[in-house]
Every structure is written in C-alpha cells, then in structure tokens.
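Structure, as structure tokens:
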Amino acid sequence: MAAPIALVTGGSRGLGKDMALSLAKKGIDVILTYHTNKEEAEKIVTQIEQTKQKAAALQFDVSTIASFDTFISRLSETLRTKWNTERFDFLINNAGVGATIPIPNMTEEAFDMLMNIHFKGVYFLTQKSLPLINNNGGIVFISSGTTRFCVPGYSAYSSMKGAVEVFMKYAAKEFGSRGIRANVVAPGAIETDFNNASIRNNPQMKSFLASQTALGRVGSVDDIGSVVAFLCTDDAKWINAQRIEISGGMFL
1208 MAAPIALVTG
1218 GSRGLGKDMA
1228 LSLAKKGIDV
1238 ILTYHTNKEE
1248 AEKIVTQIEQ
1258 TKQKAAALQF
1268 DVSTIASFDT
1278 FISRLSETLR
1288 TKWNTERFDF
1298 LINNAGVGAT
1308 IPIPNMTEEA
1318 FDMLMNIHFK
1328 GVYFLTQKSL
1338 PLINNNGGIV
1348 FISSGTTRFC
1358 VPGYSAYSSM
1368 KGAVEVFMKY
1378 AAKEFGSRGI
1388 RANVVAPGAI
1398 ETDFNNASIR
1408 NNPQMKSFLA
1418 SQTALGRVGS
1428 VDDIGSVVAF
1438 LCTDDAKWIN
1448 AQRIEISGGM
1458 FL
C-alpha cells in the first residue's frame, strides 16, 4: 500500500522542517516547499529519504498569488514522476514570516505583505490544491497563540492568523462531504529563527515568556511538528474544525 503524501509549505527550516521530519517518522512521504534556500531544502529531502520515505522539494513563494497555477502544475508533475499519482493527502499551510510593527508604524506595503503571505496566499493555495487532495485527506493551518493573547506589534500578523482560523472552519464545513478534515495548530512562544530569532536573541523576553507558561519554559521546534504529524494519521480521524494551541499553557 502506497504511503500517504503531505505537502508542507515553508518546510526547509524552523517549524516546517520539524513538521516534514515528523511526518516522515509517521510513514508519510513529504513534498516540502522553500522560498530561496534550495540547498537547505535538499538537505531535508535527503534526511527524509534516509528514513525510507520519499521526498521532494519545490520552490514556492506564497506571497505571489499569480504564480500559484504554475506551482500547481509543477506539483502535479512531481506527483506523476516521483509517485506515479495525481493526488496527495495532506496540505500543511505553514510558510510565513514574522514582523513586529506597532499600529502607528504599520505601512500599507507591510500590511499587504503580511496579508498575502498569511491569509490571501493560504486561502488560494488551499483552493487550488483541493482538486489534488485525496478524499479522506486533511488540511492543517498554522496559526498563532497571539490570536488568543496579545503581543504588542503583532496586530496585523495576528489578525491574518485570526482570519485563517475562521477560514479553517469553512474548509472543514465545505469539504467534509469528501472526508477532508481541517484543523488549526496555534503555537505559543517557540525558540526558532522566526521573526529574526526574537525569542532566542532576547534572554529577558525568553525568561518572561517562560515565567508566563504553566510548564515553565518556552517551546522548542520539536514541540510542534509531532502534533501536526499526528493530525495527519488515522489516530486523529475524528478531530475536525479545531484550533489546537500548543503553548505549554501560556498566559492562563
């Protein structure tokens, strides 16, 4: 029986990298996308193939919606040539960027950039991917703990993530008849290179966030990928239209 296939956007580093590796550990093949760092993406492909799962890396810019049809064509070609299939099973909408911009300093250009990457791109990639997703597959959207609690400077970013959380429910509702599940994973404070490694590079901030978390630490990359991978297994077959916060219990 052929292994399921997952598409992970932004899978060459940070949370996406751990998601890709965690999916492979569950016996799921992975197509990951990268924006600019092809070399790093190919390293992840090699790591996955060493676990005996198949993998491939495709360049993709989630902020450029006009490129999506071309990307879907390249995705289809990769599925045909490497997997001898026309469809995949799980879409992980992970690609993103961070930006700490207080409301008085927000520009239309920065707002549009965040909108294109975190909501418009997610919306239309989901739309264009759905004909390729197998029945009884799934979609995982990556949101943020900051849709529940406020972090100054995250007004636009978190608003886009809030939009994604609403969109997830509509995806679950409209495609449930095909057995396709849709869920949101919302990480809390995670120590990665995200947003210029703002937590890793600021010991004072890291200490404060750890003190505000029930489990007494900030998150690490491997706290997230395993949950995303779980949502792509039969063990999670009855989890649908849910926002799952992975924060260790922040700001309770």
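With the numbering used here applied, the sequence shown corresponds to residues 1208 to 1459, in that order.
Where is the CB? At the ideal position from N, CA and C, for every residue including glycine.
When beta bridges are read from the DSSP output, Tyr-1361 appears opposite no residue. Contact between the segment 1426–1435 and the segment 1353–1366 is not established, with fewer than three Cβ pairs separated by less than 8 Å.
Pro-1394 carries a strand assignment under DSSP once its states are collapsed to helix, strand and coil. For Leu-1222, the enclosing alpha helix (DSSP H) has its first and last residue at 1221–1232. Burial check for Ala-1262: the Cβ neighbour count within 10 Å reaches 16 or more, so the residue is buried. Arg-1388 carries a strand assignment under DSSP once its states are collapsed to helix, strand and coil.
In the DSSP assignment, Gly-1432 falls within the alpha helix (DSSP H) that extends over 1432–1438. Assignment of Ala-1213 by DSSP, reduced to helix, strand and coil, places it in the strand class. Ranked by how close their Cα comes to the Cα of Leu-1239, the residues Ile-1255, Lys-1233 and Met-1322 have Ile-1255 in first place. Beta-bridge analysis with DSSP links Tyr-1241 to Gln-1266. Ser-1280 and Leu-1298 have their C-alpha atoms roughly 16 Å apart. Contact check for Gly-1344 against Asp-1296 passes: the beta carbons are separated by less than 7 Å.
Residues Arg-1294 and Asp-1296 of the same chain have their beta carbon placed closer than 6 Å to that of Asn-1341, with the five preceding and five following residues left out of the count. Bounds of the beta strand (DSSP E) holding Glu-1452 are 1450–1453. Here Asp-1319 is not bridged, per DSSP, to any residue.
Checking the DSSP bridge columns, you'll see Ile-1272 has no partner listed. Here Leu-1298 carries a strand assignment [DSSP, helix/strand/coil]. Judged by DSSP in its simplified three-state form, Gly-1423 adopts coil rather than helix or strand.
In the structure shown, Val-1373 falls within a helical segment according to DSSP collapsed to helix, strand and coil. Inclusion of Ser-1433 and Ser-1229 in the CB contact set at 7 Å is warranted, their separation being smaller than that value.
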